[in-house]
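The sequence shown maps to residues 246 to 790 in the working numbering.
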Amino acid sequence: MIWKKGTTIIFCLFLCAVVWSAPDPVTNLTALTGIYKGYINLIWTYPGPEQLPAGSKYEIQKSTYETVIWSTGTIGNIIISTGPVNLSEEQTWTITGLIPGATYFFRIWTSSGTEEQPWSEISNGATNYAKPNQPPSSFDVISPKDNIIVSTLLPAFVWSVSTDPDEIVGDTVTYRIEYSSTDFVTFISSENLTNTSFIPEENLIENATYCWRVFAVDLDSTETQSTNIGIFRVNSTSEPPRDFNLIWPEHNKILAVASTYFYWQNNGDPDPDDYIVEYKIHWSKYPDFKPSETTGITSVSSFSVTDLVDNTTYYWKVIAKDTAGLTRQCSSTFTVKVDYINSPPGSFSLLTSSGVVSSTTPVFNWQQALDPDPWDLVYYKIIISSDNFNTKYSSVVFSPTFTPDFGLEENAVYRWYVIAIDTITDQNVPTKGAETCSSTWTVKINSQEEPPYNVFLSSPADKSIVLTQRPTFYWTCSGDPDPEDIVKYTIYYSSTNFVTTISSGGLVFSSFTLLTNLVENATYWWYVEAKDKTDNKVFSSTWTF
């Protein structure tokens, strides 16, 4: 309570009753916001008419509403006892415990403090707001900050002290810390801390970058955030470079060149401020890189390789090394196949069919053609012709066999051969390459056995007279329609119209000379039989002479 004394006393020196008059009402009551939370200072001047004696009183009524019943004796009014107060003496009083920031309205009355003296009339109105709550003072985060690297998963957070301007009225400060590895999109917090340091209970994330801040909080939950945000990185354990994959040449890629660049991913190192200082590339003809390999060293994620051997499979891998000397091998080993000189398929032989076949759809078989280029594909083109390839039929197949889907001509003679063709692989797209041709074979179609062609007698002419007893018989025959069939002849002759018959068989020529004499002046009948290998027969007509 702050106030100044001022009194007006009337002394009666006579033996008579003292009469007190009511003080004049205060007309210059002023309300000023105080210096602390919930404070308002009231200032006024005692207006008289005379000095207030010791034991006088002021009564102050306050309200957060302007339209209330202003009256002495109201519950909650403040009664102030005072000593003598002189006329025009300034009075002050500080009211505490008000609602911070709230607007208050005030009235005041004055009394000499005796029952005989009544209260003055009500004063003028005064209004102002109570001192608002003041936030805690500014402060800084101290450590860790400035993007430093901490070598523990449980670092100590340290910050400076924040004080509360309203500490004199009992306000206190606690702290809330927030730390995040996602730039505060999500964060972990701990509150009601009373010290200016904090150690997390759970491990932070290895290799993560964290930002953190602190809030000073008073009893009214008013907050002051630290003037800066601490940023640091966690690296409690050194780790090797991250996993990475090979890129080019792709796995099982066929290269049509002797030189190329090998490429792989650069995924860096998980440790803060660590990086890859060296890549070591290995390539070898052996999948386990033994007994020999070739190596190269580079600081970038590519390497030029030359003098690759044609028709060779290479295996390659890369090992990355960081500044701590830790290494990591690529996630998988790739295979690259080199084929930059195209060689034709090797020679091959026909197997079937040849000669006479008993089907109009014979199966044609041949050896597989091996290509010296180990990754070339080989396909075949078969050519078939019945007129010495003036006209021909062809078909492409991918295995060394072919059966026509149409019937070849009966008794026809066909010639056939096969071309083996390999593929040139450019950018893994097969195109036509070199060719190797087989020999030519002949196949004859005989699916049905047919008799020989008709036999026609030539000499002696029918009903002729011969002048020798040992005539030579002649006839004609075009053979047999079946390929490679053999026709043999039997001649029959008789002087009794075949009541009795003389014959001579197994003849391969179309003529026959008698070895014995015929009967002079006799009439003879004769004919010829033609027979093939399967005993199919035809007969000529019968002539006489």
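For every residue, glycine included, the Cβ atom is placed at its ideal position computed from N, Cα and C.
Proximity of residue i and residue j at Cβ, strictly below 8 Å
| i | j | result |
| --- | --- | --- |
| Ser-549 | Phe-489 | no |
| Tyr-524 | Ala-565 | yes |
| Trp-720 | Ser-748 | no |
| Asn-369 | Thr-467 | no |
| Thr-551 | Val-583 | no |
| Pro-381 | Val-418 | yes |
| Thr-472 | Phe-460 | no |
| Leu-595 | Val-663 | yes |
| Ser-357 | Ser-316 | no |
| Thr-337 | Tyr-374 | no |
| Tyr-424 | Ile-433 | yes |
| Ser-426 | Leu-571 | no |
Residue i, DSSP secondary structure in three states
| i | result |
| --- | --- |
| Pro-410 | helix |
| Gly-600 | strand |
| Lys-778 | coil |
| Trp-686 | strand |
| Thr-745 | coil |
| Glu-436 | strand |
| Gln-510 | coil |
| Asp-727 | coil |
| His-496 | coil |
| Pro-329 | strand |
| Asn-610 | strand |
| Asp-518 | coil |
| Ile-285 | strand |
| Arg-573 | strand |
| Ser-547 | strand |
| Val-554 | coil |
| Glu-484 | coil |
| Val-711 | coil |
| Gly-667 | For the sequence presented, residue 667 should be read as Asp rather than Gly. In this structure, Asp-667 counts as strand in the three-state DSSP scheme. |
| Lys-530 | coil |
| Trp-661 | strand |
Pairwise C-alpha distance: residue j and residue i
| i | j | result |
| --- | --- | --- |
| Pro-645 | Trp-611 | 5 Å |
| Gln-672 | Gly-678 | Interpretation of Gln-672 is limited by its pLDDT of 47, a score under 50 that renders its predicted location unreliable; no figure is taken from the coordinates. |
| Ala-501 | Thr-668 | 12 Å |
| Glu-335 | Gly-346 | 26 Å |
| Pro-697 | Glu-774 | 10 Å |
| Thr-707 | Phe-701 | Inspection of the sequence shows that residue 707 is occupied by Asp rather than by Thr. Spanning the two alpha carbons is a distance of roughly 12 Å. |
| Gly-283 | Leu-277 | 12 Å |
| Pro-485 | Asn-497 | 28 Å |
| Asn-762 | Ile-710 | 15 Å |
| Ile-323 | Thr-309 | 15 Å |
| Thr-355 | Gln-306 | 12 Å |
| Val-641 | Lys-626 | 4 Å |
| Asp-533 | Asp-618 | 23 Å |
| Tyr-737 | Phe-790 | 13 Å |
| Gln-510 | Ser-546 | 6 Å |
| Glu-366 | Gly-279 | 27 Å |
| Thr-431 | Thr-540 | 47 Å |
| Gln-693 | Glu-655 | 8 Å |
Buried versus exposed, by CB contacts within 10 Å (16 or more), residue i
| i | result |
| --- | --- |
| Tyr-506 | exposed |
| Ser-786 | exposed |
| Ser-529 | buried |
| Lys-535 | exposed |
| Phe-634 | exposed |
| Val-744 | exposed |
| Thr-253 | Bear in mind that the predicted position of Thr-253 carries a pLDDT of just 38, short of 50, making it unreliable; the figure below should be weighed with that in mind. The residue is buried, with at least 16 neighbouring Cβ atoms inside 10 Å. |
| Asp-777 | buried |
| Asp-411 | buried |
| Pro-294 | exposed |
| Thr-327 | buried |
Minimum C-alpha distance to residue i - residue among the options
| i | options | result |
| --- | --- | --- |
| Thr-397 | Ser-308, Ala-453, Trp-528 and Ile-629 | Ala-453 |
| Pro-705 | Ile-526, Thr-687 and Leu-759 | Leu-759 |
| Ile-422 | Asp-409, Ile-444, Ser-692 and Asn-512 | Ile-444 |
| Thr-272 | Gly-279, Tyr-291, Pro-697 and Asn-286 | Tyr-291 |
| Tyr-765 | Gln-714, Ile-731, Asp-727 and Gly-724 | Checking the sequence shown, residue 765 turns out to be Glu, not Tyr. Taking only the C-alpha atoms, the option nearest Glu-765 is Gln-714. |
| Leu-752 | Asn-762, Glu-729, Phe-718 and Asn-742 | Phe-718 |
| Asp-780 | Asp-730, Ala-614, Asp-632 and Ser-740 | Asp-730 |
| Phe-350 | Val-479, Ala-371, Asn-331 and Ile-367 | Ala-371 |
| Pro-590 | Tyr-624, Leu-571 and Lys-562 | Tyr-624 |
| Leu-622 | Val-658, Ser-592, Ser-604 and Ile-666 | Ile-666 |
| Glu-495 | Gly-321, Thr-578, Glu-654 and Trp-661 | Thr-578 |
| Ala-503 | Ser-434, Ile-586, Thr-539 and Phe-647 | Ile-586 |
| Thr-685 | Ser-333, Thr-572 and Ser-599 | Ser-599 |
| Asn-286 | Ile-340, Ser-333, Thr-312 and Phe-651 | Ile-340 |
| Gly-475 | Thr-441, Ile-387 and Ile-450 | Ile-387 |
| Asp-555 | Asn-691, Gln-296 and Trp-620 | Trp-620 |
Proximity test, residue i beta-carbon vs the ligand ZN heavy atom, cut-off 7 Å
| i | result |
| --- | --- |
| Phe-351 | The ligand ZN is not among the ligands present in this structure, which contains no ligands whatsoever. |
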